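Scroll down for the structure; my scribbles are underneath it.
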Amino acid sequence: MKITTVGTTPFSGQKPGTSGLRKKVRVFTQPGYLENFVQSIFDQLEGQQGKTLVLGGDGRYFNDVAIQIILRMAAAAGFGRVLVGRQGILSTPAASAVIRKQRAFGGIILSASHNPGGPDDDFGIKYNLGNGGPANETFTDAVFKRTQEISAYHLVEAADIDLGRLGETRIGEMIVCVIDPVADYLELLESLFDFAAIKKLLARPDFRMRFDAMHAVNGPYGHAILEQRLGAPLGTVVNGTPLPDFGGGHPDPNPVYAAELVSALADPTSGLSFGAASDGDGDRNMIVGRNFIVSPSDSLAVIAANYKLIPAYAKGLAGVARSMPTSCAVDRVAAELGIPCYETPTGWKYFGTLLDAGMATLCGEESAGTGSNHVREKDGLWAILYWLNILAVRNESVEQIVREHWRHFGRNVYSRHDYEGIASDLAATLFAELRQKLPTLPGTTFDGLRVKAADDFCYIDPVDGSRSEQQGVRILLDDGSRVVFRLSGTGTEGATLRVYLERYVADPARHEVPLQQALAPLVAIAEQVARIAAITGRNVPDVMS
Ligand code: VG1
Ligand code: CO
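The numbering used here numbers the first residue of the sequence shown as 37 and each following residue consecutively.
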């Protein structure tokens, strides 16, 4: 096998963020840019010779080109076999499932997830380990270091592989196997849920569901699983063909970008009783009832509280985990169940050790990611099937289930405010000032609300002892309310400031107050403490979810 070596020089800024490396397509398409990053990943591996790599992505612009390049490089890196999804398609959770089931050495997922796609938008790449989960920080730090010193990359010259045809071909000594992207994943989901009960629910004349795949990767999965396997009527899946630019939209299932789904569920003439959506790479989910949006943090809590109804989890949960900015609703469920609740930094990579160690069964984030120990990624369709399974057993509406949950546990009123595309230097100033203020805040009172503690979240992984600092500034108030500030690690333009607001309301009589109104006192505190308007010139967030 002839390996071609190409000389190269480092690019600055190839530092993976919350979930892999994400940049504009025009950055990724510079000659050598993708190759440098992929080679830097391969240079960190040991023992991959003759082993299997899983490869696929969310179908966005440049996915197809990148896959052909990575295949040639994987052959030079000594992999024995690459399993690639048909047409280059693999959702993030399906990639995780395939890595685990096929005992692969690792996987490369091409996605910028919820970020828009197309020639002027975003592309991304991420490496997953043999457990099916995103590589940890030690690995991604080493990759970044390598990108700064790289001088050559290697490939095996070969013609493009036909990704439309299932079956095997070769590049040099390496086998390229084009696989059905759905099969292994569907088999895994079937082993977790009561498919017969869900099938019955979907056949009921008084139950109608819509799944909005947002022109992203979950279209084929939705068609195969919901319509073909579970018998939901054709047309249940909308926007079900993955498009390189996601139809020009943001494939992010929140009330702003999935507004069409939300309004369909609010329209009584639609006859819809359950709505769901997922993001670019299929790992996030949105759950909507008739005229009722479930907040992702509440969804995690409801999922945990109803574990007994789901075959795979009925025996009991080892523990639950949530990212720090996620609301504490699930903590209350864990307390009642007498199981531990872990608080991790933002990003699924921090759940991996807990899941591998059997310490947590369910995990979730406020950003609409929920999942379990069945894979090592968050999983959009898993969450949707979990809800369908709950609905099939309880025979109540989504709204009834959530309201009943609040009555029992109290309501963690919650919202995230995003300020997008702030100049990076202004964001840095804001955080520098905020961090400086932290020691002076405890004991201060804002409009009758007293600050109990204020810190910068630092996480020590209870399994491997690794330490992650500066994972979000927290202001904790006496009444249990919280304001959290973070900078996004997935954006590709300037900085995105995320402000997370949470307030606990025990009294059911007060659960009805409009969300943003209930959180107004916390918004005022956020402004006073962080001087968002004064520093950034922004008076209102771009997105409230
Ligand atoms: C965001 C979310 C985080 C999520 C990450 C990846 O990160 O807040 O909870 O894990 O996206 O999700 P950040 O750093 O922008 O806040 V996905 O579905 O884009 O892979
Ligand atoms: Co995603």
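Just so you know, even glycine gets a beta-carbon here, dropped at the ideal spot from N, CA and C. Being a predicted model, the structure only gives us computed values, none of them experimental.
Quiz item: Under three-state DSSP, which class holds Gly-284?
Solution: Translated into the one-based positions of the sequence shown, residue 284 becomes position 248. Here Gly-284 sits in helix by DSSP.
Quiz item: Is it the case that the CB of His-286 approaches a heavy atom of ligand 2 more closely than 7 Å?
Solution: Residue 286 sits at position 250 when you count from the first residue of the sequence shown. His-286 Cβ: outside cutoff for every heavy atom of ligand 2.
Quiz item: Beta-carbon separation of Thr-406 and Leu-353 under 8 Å?
Solution: Taking the sequence shown and counting its residues from 1, one reaches residue 406 at position 370. Taking the sequence shown and counting its residues from 1, one reaches residue 353 at position 317. Against a cut-off of 8 Å, the Cβ pair of Leu-353 and Thr-406 comes out as no contact.
Quiz prompt | Bounding residues of the alpha helix (DSSP H) (the contiguous stretch that carries Gln-553) | solution = To locate residue 553, count along the sequence shown from 1; it is residue 517. First-last of the alpha helix (DSSP H) with Gln-553: 551–566.
Practice problem: Report the rounded CA-to-CA distance for Ala-112 versus His-190, giving the unit in angstroms. | Solution: As a working mapping, residue 112 is identified with position 76 in the sequence shown. As a working mapping, residue 190 is identified with position 154 in the sequence shown. Approximately 6 Å, taken between the alpha carbons.
Quiz item: If you run the structure through DSSP and keep just helix, strand and coil, what is Asp-177?
Solution: In the sequence shown, residue 177 corresponds to position 141, counting from 1. In this structure, Asp-177 counts as helix in the three-state DSSP scheme.
Quiz item: Is there contact here, the region 49–63 with the region 170–181, by at least three beta-carbon pairs under 8 Å?
Solution: yes
Quiz item: By a C-beta neighbour count over all protein chains shown, 10 Å radius and 16 as the cutoff for buried, is Met-37 buried or exposed?
Solution: Counted from its first residue, the sequence shown places residue 37 at position 1. Exposed, by the Cβ-count rule.
Self-check item: Spatial distance of Trp-423 from Tyr-450 (CA atoms)
Solution: Along the sequence shown, read from residue 1 onward, the residue named residue 423 stands at position 387. Along the sequence shown, read from residue 1 onward, the residue named residue 450 stands at position 414. Cα-Cα distance, rounded: 21 Å.
Practice problem: Pick out whichever of Gly-276, Ala-268, Ser-314 has its Cα sitting closest to the Cα of Pro-287. | Solution: Stepping through the sequence shown from its first residue, residue 287 is reached at position 251. That would be Ser-314, whose Cα lies nearest to the Cα of Pro-287.
Quiz item: So does Ser-314 have its beta carbon nearer than 7 Å to some heavy atom of ligand 1?
Solution: Taking the sequence shown and counting its residues from 1, the one referred to as residue 314 is at position 278. Not under cutoff, so the answer is no.
Quiz item: Should Val-549 go down as buried or exposed, given a rule of 16 or more other Cβ atoms within 10 Å for buried?
Solution: As a first step, residue 549 is located in the sequence shown; it is residue number 513 there, counting from the start. Per the 10 Å Cβ criterion, exposed.
Self-check item: Assigned exposure category for Val-120 - 16 Cβ within 10 Å defines buried
Solution: On the sequence shown, residue 120 is found 84 positions in, with the first residue counted as 1. Buried is the call here.
Quiz item: Among residues of its own chain, excluding the 5 on either side of Leu-224, which ones have a beta-carbon nearer than 8 Å to its beta-carbon?
Solution: Along the sequence shown, read from residue 1 onward, the residue named residue 224 stands at position 188. So the qualifying residues of the chain are Ala-133, Lys-137, His-410, Val-411.
Exercise. Check whether the Cβ of Arg-522 sits closer than 7 Å to any heavy atom of ligand 1, and report yes or no.
Key: As a position in the sequence shown, residue 522 is number 486, starting the count at 1. Yes, the beta carbon of Arg-522 sits closer than 7 Å to at least one heavy atom of ligand 1.
Quiz item: Taking buried to mean at least 16 other C-beta atoms within 10 Å of its own C-beta, is Glu-71 buried or exposed?
Solution: Within the sequence shown, the letter at position 35 stands for residue 71. So Glu-71 counts as buried.
Quiz item: At a cut-off of 7 Å, is Arg-503 close to ligand 2 when judged by its beta-carbon and the heavy atoms of the ligand?
Solution: Working through the sequence shown from its first residue, we reach residue 503 at position 467. No, ligand 2 has no heavy atom inside 7 Å of this Cβ.
Quiz prompt | Classification of Asp-157 by the beta-carbon crowding that lies within 10 angstroms, buried from 16 upward | solution = If you number the sequence shown from 1, residue 157 lands on position 121. Buried, since its Cβ has 16 or more Cβ neighbours within 10 Å.
Quiz item: Over what stretch of residues does the alpha helix (DSSP H) that includes Tyr-163 continue unbroken?
Solution: By 1-based counting over the sequence shown, the position of residue 163 is 127. Careful: Tyr-163 lies outside any alpha helix (DSSP H), inside the beta strand (DSSP E) at 158–164.
Exercise. Hey, could you find the ends of the beta strand (DSSP E) Gln-123 is sitting in?
Key: Translated into the one-based positions of the sequence shown, residue 123 becomes position 87. Note, Gln-123: beta strand (DSSP E), 117–125.
Practice problem: Express the C-alpha separation of Leu-470 and Val-565 in angstroms, rounding to a whole number. | Solution: Numbered from its first residue, the sequence shown carries residue 565 at position 529. Numbered from its first residue, the sequence shown carries residue 470 at position 434. Their Cα atoms are separated by approximately 7 Å.
Quiz item: Exposed or buried, Glu-401, counting other C-beta atoms within 10 Å across all chains shown (16 or more means buried)?
Solution: Looking up residue 401 in the sequence shown gives position 365. By the neighbour-count rule (16 or more Cβ atoms within 10 Å), Glu-401 is buried.
Quiz item: How big is the Cα-Cα spacing for Ala-110 and Val-42?
Solution: In the sequence shown, residue 110 corresponds to position 74, counting from 1. In the sequence shown, residue 42 corresponds to position 6, counting from 1. Near 15 Å, if we compare the C-alpha coordinates of Val-42 and Ala-110.
Self-check item: For Ala-404 and Gly-416, the rounded distance between their alpha carbons
Solution: For the purposes of this step, residue 416 is identified with residue 380 of the sequence shown, where counting begins at 1. For the purposes of this step, residue 404 is identified with residue 368 of the sequence shown, where counting begins at 1. Whole-angstrom Cα-Cα distance: 8 Å.
Practice problem: Starting from Lys-414, follow the alpha helix (DSSP H) in both directions and report where the run begins and ends. | Solution: On the sequence shown, position 378 is the one that residue 414 refers to. From DSSP, Lys-414 is part of no alpha helix (DSSP H); its letter is neither H nor E.
Quiz item: Taking the alpha-carbon positions, what's the Arg-139 to Lys-87 distance?
Solution: Position 103 of the sequence shown, counted from the start, is the residue given in the question as residue 139. Position 51 of the sequence shown, counted from the start, is the residue given in the question as residue 87. If I take the Cα positions, the gap works out to 9 Å.
Quiz item: Roughly how far, in whole angstroms, is the beta-carbon of Val-434 from the beta-carbon of Ile-323, given that I think they are within contact range, below 8 Å?
Solution: Within the sequence shown, the letter at position 398 stands for residue 434. Within the sequence shown, the letter at position 287 stands for residue 323. Rounded, the Cβ-Cβ distance is 7 Å, consistent with contact.
Quiz item: Which one of Arg-96, Ile-145, Val-292 has the shortest CA to CA distance from Pro-155?
Solution: Walking along the sequence shown from the start, residue 155 turns up at place 119. It is Arg-96.
Quiz item: Is any heavy atom of ligand 1 found at a distance shorter than 7 Å from the C-beta of Arg-648?
Solution: There is simply no residue 648 to check, as the chain begins at 37 and stops at 581 in what is shown.
Quiz item: Under a three-way DSSP split, which group does Ile-215 fall into?
Solution: Within the sequence shown, numbered from 1, the residue matching residue 215 stands at position 179. Ile-215 falls in the strand class under three-state DSSP.
Quiz item: CB Gly-508 to CB Thr-382, shorter than 8 Å?
Solution: Here the question's residue 508 lines up with position 472 in the sequence shown. Here the question's residue 382 lines up with position 346 in the sequence shown. Yes. Within cutoff.
Quiz item: Can you give the Cα-Cα distance for Gly-203 and Ile-197, rounded to whole angstroms?
Solution: Position 167 of the sequence shown, counted from the first residue, corresponds to residue 203. Position 161 of the sequence shown, counted from the first residue, corresponds to residue 197. Distance between the alpha carbons of Gly-203 and Ile-197 is about 11 Å.
Quiz item: According to the Cβ coordinates, are Ala-365 and Asn-290 closer than 8 Å?
Solution: The sequence position of residue 365 within the sequence shown is 329, counting from 1. The sequence position of residue 290 within the sequence shown is 254, counting from 1. No, the pair does not count as a contact, with Cβ atoms beyond the cut-off.
Self-check item: Of the listed residues Ala-428, Ser-502, Glu-379, Arg-510, nearest to Leu-266 (C-alpha basis)
Solution: Here residue 266 refers to the residue found at position 230 of the sequence shown. Measuring from the Cα of Leu-266, the nearest candidate turns out to be Ala-428.
Quiz item: Enumerated in chain order, which unbroken segments of the alpha helix (DSSP H) with a length of 4 residues or greater are wholly contained in the region 420–458?
Solution: 434–445
Quiz item: Cβ of Val-90 within 8 Å of Cβ of Gly-143?
Solution: Indexing the sequence shown from 1 puts residue 90 at position 54. Indexing the sequence shown from 1 puts residue 143 at position 107. Yes, the pair counts as a contact, with Cβ atoms nearer than the cut-off.
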